[in-house]
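Asks:
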Amino acid sequence: MTGITPYLLFPGNAGEALEFYRSVFGGALEIRTFADFGRVDGPDDAVAHGTLVGPVAIYGADAGADEDAVHIGGMFFSLLGAAAPSTLHRWFEALADSGRILFPLERRAWGASDGQLVDQYGVRWLIGYEGA
1 MTGITPYLLF
11 PGNAGEALEF
21 YRSVFGGALE
31 IRTFADFGRV
41 DGPDDAVAHG
51 TLVGPVAIYG
61 ADAGADEDAV
71 HIGGMFFSLL
81 GAAAPSTLHR
91 WFEALADSGR
101 ILFPLERRAW
111 GASDGQLVDQ
121 YGVRWLIGYE
131 GA
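1 is the number of the first residue of the sequence shown in UniProt numbering; add one for each residue after it.
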């Protein structure tokens, strides 16, 4: 295992959300439906397991009947130094589209650059880098 990979449960829009993250970060997306896994606790076309593998890895699924969908409080996903500054700025802007910027991605008094946002799916992100 190389690190923590978020696994997000969505309220019926996992396929849309995972495709959005693929459009932001790139990578390969594989989606398996409830029907693929023989699950009967939701619609056949609901996402039972989705994986995005690339510069940023994310797993996701549609929440089952007895599961809570994503609602993040008291935490965020950190992409500090995860890519070149130009890439991090591009990711920030793409995630902010239809989301909400909490703190713009800009240079801070201590010399690093960072920003925070909540994307359109309610996921909070901290994105930044050291230096220029």
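Even for Gly, the Cβ is constructed at its ideal location relative to N, Cα and C. From a predicted model like this one, the values you see are computed outputs, not experimental measurements.
Leucine 8: which of Asp44, Gly64, Pro55, Gly99 sits nearest, CA to CA?
Replies: One-based indexing of the sequence shown puts residue 8 at position 8. It is Gly64.
Asks: What is the residue span of the alpha helix (DSSP H) that histidine 89 lies within?
Replies: To locate residue 89, count along the sequence shown from 1; it is residue 89. Residues 85-96.
Asks: Going by beta-carbon coordinates alone, are glycine 27 and valine 53 separated by less than 9 Å?
Replies: The residue given as residue 27 occupies position 27 in the sequence shown. The residue given as residue 53 occupies position 53 in the sequence shown. In contact: glycine 27 and valine 53 (Cβ atoms closer than 9 Å).
Asks: Just mark tryptophan 125 as buried or exposed, buried being the case when its beta carbon has 16 or more other beta carbons within 10 Å.
Replies: The sequence position of residue 125 within the sequence shown is 125, counting from 1. Buried.
Asks: Does the contact criterion of 3 or more C-beta pairs under 8 Å hold for the stretch 29-48 versus the stretch 90-104?
Replies: Judged by Cβ distances under 8 Å, the stretch 29-48 makes no contact with the stretch 90-104, as fewer than three pairs qualify.
Asks: Going by C-alpha distance, which of Gly131, Gln116, Ile4 is nearest isoleucine 58?
Replies: Against the sequence shown, residue 58 aligns to sequence position 58. Among Gly131, Gln116, Ile4, the Cα nearest to that of isoleucine 58 belongs to Ile4.
Asks: Whose C-beta lies closer than 7 Å to the C-beta of histidine 71 among residues of the same chain, with five residues either side of it excluded?
Replies: As a position in the sequence shown, residue 71 is number 71, starting the count at 1. Within the same chain, histidine 71 has close Cβ partners Gly122.
Asks: Buried or exposed: valine 24, going by 16 or more other Cβ atoms within 10 Å of its Cβ?
Replies: Taking the first residue of the sequence shown as position 1, residue 24 is located at position 24. Buried, by the Cβ-count rule.
Asks: Within a Cβ cutoff of 8 Å, which residues of the same chain sit near aspartate 44, ignoring the five residues on either side of it in sequence?
Replies: Looking up residue 44 in the sequence shown gives position 44. Same-chain partners within the cutoff: Thr33, Phe34, Ala35.
Asks: Starting from glycine 60, trace the alpha helix (DSSP H) in both directions and tell me its first and last residue.
Replies: For the purposes of this step, residue 60 is taken as residue 60 along the sequence shown, with counting starting at 1. Taken as a continuous stretch (DSSP letters only), glycine 60 belongs to no alpha helix (DSSP H), being part of the beta strand (DSSP E) at 58-62.
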